[in-house]
Amino acid sequence: MNTKSILMTGAIFTCLAVMIGAFGSHALKPILQEVGKPEVFETASQYHFYHALGLLLVGSLHDKFPKITFVAYCFLVGILLFSGSLYVLALTGVTPLGAVAPIGGSAFMIGWAGLAYQVAKS
Numbered sequence: 048m049n050t051k052s053i054l055m056t057g058a059i060f061t062c063l064a065v066m067i068g069a070f071g072s073h074a075l076k077p078i079l080q081e082v083g084k085p086e087v088f089e090t091a092s093q094y095h096f097y098h099a100l101g102l103l104l105v106g107s108l109h110d111k112f113p114k115i116t117f118v119a120y121c122f123l124v125g126i127l128l129f130s131g132s133l134y135v136l137a138l139t140g141v142t143p144l145g146a147v148a149p150i151g152g153s154a155f156m157i158g159w160a161g162l163a164y165q166v167a168k169s
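Taking the working numbering, the leading residue of the sequence shown gets 48, the next gets one more, and so forth.
Here is the structure:
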């Protein structure tokens with residue numbers, strides 16, 4: 048990924064976070080209440096949004112710290128696995144998918160630690 052693609056991905060994922068969050072709080076509200084997992088959907092949406100913004104941060108820093116491309120991939124994997132599995136869990140109640148969330152959460156942590164490492168070593 049280059050700077051432009053990281054920034055574009057961050058912008059798209061931030062837009063999706065807003066859209067999914069709004070859709071969840073309005074159109075999906077009855078389903079989330081029926082399944083009993085509205086707080087799970089909210090957690091997924093929050094982490095999705097935070098890490099989409101993180102992608103924009105990484106894109107903004109990429110020219111100065113080119114080795115942080117790895118961080119962008121970590122955030123992308125984290126959004127897909129952590130938030131994605133929680134979205135599905137919240138909408139379906141299929142609990143085995145919750146087992147995927149820690150892998151995505153680990154990707155988030157590795158990404159933030161990687162960012163700190165790359166900035167510290169520069």
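No residue lacks a Cβ here, since even glycine has one placed at the ideal position from N, Cα and C.
Distance CB(residue 144)-CB(residue 82) smaller than 8 Å: No Cβ-Cβ contact shorter than 8 Å links residue 144 with residue 82.
From residue 140 to residue 84, what distance separates their C-alpha atoms? Distance between the alpha carbons of residue 140 and residue 84: 7 Å.
What does the alpha-carbon distance come out to for the pair residue 67 and residue 166? Their Cα atoms are separated by approximately 32 Å.
For the putative contact between residue 128 and residue 154, defined by C-beta atoms under 8 Å, what is the C-beta separation to the nearest angstrom? 7 Å between Cβ atoms; contact.
For residue 160, which of 106, 63 and 118 has the nearest alpha-carbon? Here the closest residue by C-alpha is 118.
Is it the case that the Cβ atoms of residue 158 and residue 106 are separated by a distance below 8 Å? Residue 106 is positioned such that its CB atom lies no closer than 8 Å to that of residue 158.
Going straight from the alpha carbon of residue 65 to that of residue 169, what length do you get? About 34 Å.
Within 10 angstroms of the Cβ of residue 62, are there 16 or more other Cβ atoms? Answer buried if so, exposed if not. Here residue 62 is exposed: its Cβ has fewer than 16 other Cβ atoms, across all protein chains shown, within 10 Å.
Among 133, 164 and 163, which residue has its Cα nearest to the Cα of residue 150? Residue 150 has its Cα closest to that of 133, out of 133, 164 and 163.
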